[in-house]
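Enquirer: Under my numbering, the very last position in the sequence shown is 342; numbers go up by exactly one each time. Got a structure for you, written out below as structure tokens; questions coming shortly.
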Amino acid sequence: MMLTNYRIRPFRPEDLEDVERINKVFLPENYPGYFFMENYRRFPNSFLVAETEEGDIVGYVMCRVEPHYTRGFTLILGHVLSIAVSKEHRRRGIGEALMLRAEEGLLTYGSEAIYLEVRVSNEPAIRLYEKIGYKKLGIIPFYYADGEDAFLMYKVVKEGLDDSLVYQALGRRVALDKDR
Ligand SMILES: CC(C)(COP(=O)(O)OP(=O)(O)OC[C@H]1O[C@@H](n2cnc3c(N)ncnc32)[C@H](O)[C@@H]1OP(=O)(O)O)[C@@H](O)C(=O)NCCC(=O)NCCS
């Protein structure tokens, strides 16, 4: 799908205030400024913002790359840390465009699979991730500060990589079956 009236572009340090504001307004999980800057410094290709034609920032996605060493093999995992789109700009394809561009960025760092956590009650986000190919690996009980569980969702992005390797790397984090 083509995104009209909006542009996805790399995060720049001067965007920090806007990104922090959107993060605070639309997500209960907030981070200090240095956390955003650290992820930008290390993984600039997968930290993106969405802006209007007037240059107003209305969404962002921030990721990092985590190598996992399990039973003699290394799996490079992209981790989507935070994504949000301002309420009045939702359902126009911005979230999807941010995710797809973040995936491209994560691929430049060698990511073989991508994963994320999402509140089990967060239907819009779960639908978005399922639409672009993410699957539920399991549930992380009490993942959030208020006690809500998370779905751990993942997508294999390296051709030929077997899902079982992702389960080997991340399976121990999930305590319950995803279809509880
Ligand atoms: C999740 C979020 C980023 C989606 O952003 P968005 O720009 O509205 O998403 P898109 O317009 O790209 O939607 C893409 C697809 O996701 C699904 N989707 C998005 N919002 C949905 C909703 N409210 N209900 C059902 N499906 C939804 C649809 O399949 C949609 O495709 P469609 O419009 O062709 O049906 C946005 O709702 C948000 O910022 N939520 C608050 C922050 C948050 O929960 N972040 C995720 C934390 S893990």
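Ideal Cβ positions, reconstructed from N, Cα and C, are used throughout, including at glycine.
1) To the nearest angstrom, how far is it from the Cα of Pro286 to the Cα of Tyr277?
2) Taking the beta carbon of Lys293 as the centre, do at least 16 other beta carbons fall within 10 Å, making it buried, or is it exposed?
3) Would you give the residue range spanned by the beta strand (DSSP E) that Glu200 belongs to?
4) Taking buried to mean at least 16 other C-beta atoms within 10 Å of its own C-beta, is Glu266 buried or exposed?
5) Taking just the CA atoms, how far does Pro206 sit from Ile301?
6) Could you check whether the Cβ of Phe188 sits closer than 8 Å to any heavy atom belonging to ligand 1?
7) Using a Cβ-based criterion (distance less than 8 Å to any ligand heavy atom), does Leu290 qualify as near ligand 1?
8) Report the option in Tyr305, Ile238, Glu274 and Leu268 whose CA atom is closest to the CA atom of Val282.
9) Quick check: is any heavy atom of ligand 2 less than 8 Å from the C-beta of His251?
10) Ignoring anything shorter than 4 residues or poking outside the segment 169 to 195, list the alpha helix (DSSP H) runs there in chain order.
11) Beta carbon of Ile276: closer than 8 Å to some heavy atom of ligand 1?
Expert: Straight from the coordinates:
1) The residue given as residue 286 occupies position 124 in the sequence shown. The residue given as residue 277 occupies position 115 in the sequence shown. Approximately 17 Å between the Cα atoms of the pair.
2) On the sequence shown, residue 293 is found 131 positions in, with the first residue counted as 1. Exposed.
3) On the sequence shown, residue 200 is found 38 positions in, with the first residue counted as 1. Segment Gly195 to Arg204 is the alpha helix (DSSP H) holding Glu200; no beta strand (DSSP E) there.
4) Translated into positions along the sequence shown, residue 266 becomes position 104. The residue in question, Glu266, is exposed, as its Cβ has fewer than 16 Cβ neighbours within 10 Å.
5) For the purposes of this step, residue 301 is taken as the residue at position 139 of the sequence shown. For the purposes of this step, residue 206 is taken as the residue at position 44 of the sequence shown. Rounded to whole angstroms, Ile301 to Pro206 spans 29 Å at the Cα level.
6) Against the sequence shown, residue 188 aligns to sequence position 26. Yes, the Cβ of Phe188 comes within 8 Å of a heavy atom of ligand 1.
7) Here the question's residue 290 lines up with position 128 in the sequence shown. Yes.
8) For the purposes of this step, residue 282 is taken as the residue at position 120 of the sequence shown. Selected option, being the one with the closest Cα: Tyr305.
9) Ligand 2 is not among the ligands present in this structure, which contains only ligand 1.
10) 178 to 188
11) Taking the sequence shown and counting its residues from 1, one reaches residue 276 at position 114. Incorrect: Ile276 has no Cβ contact closer than 8 Å to ligand 1.
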